[in-house]
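These notes concern the structure reproduced below.
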Amino acid sequence: MMNPHTIRSREQRTAWILLVPALVLLLLVFAYPILRAFWLSLFTKNLGTELQPVFSGLENYGRMVGDGRFWQSFGVTVMFTSASVLLELVLGMGIALVLNQKFLGRGLVRTSAIIPWALPTALIGLAWAWIFNDQFGVVNDILLRLGLIETGINWLGNPTLALIAVILADVWKTTPFISILLLAGLQSISPDLYEAHSIDGA
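For the sequence shown, my numbering begins at 16 and goes up steadily by one.
Written out as structure tokens, the structure reads:
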């Protein structure tokens, strides 16, 4: 009869054997491209010539930090990320709370909710570009019918409006995935806690 220490060691060894291939794959897919990109960023090369790259160290990063376009892009990225994540968490939690309730057709609704996330990003980008088209887009058509605007808005031709449009498209695609993750967390809560909560009258 094996002692607990031997069993534990064997389980740990088996776990590592199963884990190492996945870790190697992650390193190849994610870590290598990042490290390779950083290494290439230390060189200067004119893509229009056949001259060999010249090592410039951190000089490229110095020029990047001093370029106003970098900070403009950085600001847009921060606004996009902050707004998208906040909306996705709020809406995702709301959807998760609804899906966590018992109602007729709950399984079908749960399956349908994940469809936006499962669609290819390129396809969603094209669809939302049509939705926000200034000539025949759905958004302008609705606003015109409601009398809120007199002429179509060029949503994708204005930096601020384009950012809003991209945020809405990202929220529409990602919120279902967030809701499923939050739903999994809600369902891991013991029913006894919900029962105690209702008994306490909180």
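Just so it is clear, CB atoms sit at the ideal spot from N, CA and C, and this is done for glycine as well.
Under 7 angstroms from any heavy atom of the ligand FAD, does the C-beta of residue i make it?
i	result
S88	Because no ligand of any kind appears in the structure shown, any question about the ligand FAD cannot be addressed here.
Using alpha carbons as the reference points, say which of the options lies closest to residue i.
i	options	result
I182	S71, F58 and E103	E103
S56	V39, Q67, L62 and E74	E74
W143	L178, F85, E26 and A211	L178
L176	V35, S71, V91 and R78	V91
V105	L163, F58, S213 and P191	P191
Does residue i pass the burial test, meaning 16 or more other C-beta atoms within 10 Å, or should it be called exposed?
i	result
V186	buried
A46	exposed
F147	buried
A52	exposed
S194	buried
W170	buried
S99	buried
A199	exposed
N155	buried
K60	exposed
A37	exposed
Starting from residue i, follow the alpha helix (DSSP H) in both directions and report where the run begins and ends.
i	result
F192	P174 to Q202
P48	Y47 to S56
E65	From DSSP, E65 is part of no alpha helix (DSSP H); its letter is neither H nor E.
V80	E74 to V80
Pull up the DSSP beta-bridge partners for residue i, would you.
i	result
T166	DSSP, once it has assigned bridges, lists no residue as partnering T166.
4-residue-minimum alpha helix (DSSP H) runs that sit fully inside the segment 105 to 158, ordered along the chain: Listed in chain order, they are 121 to 128, 130 to 133 and 136 to 146.
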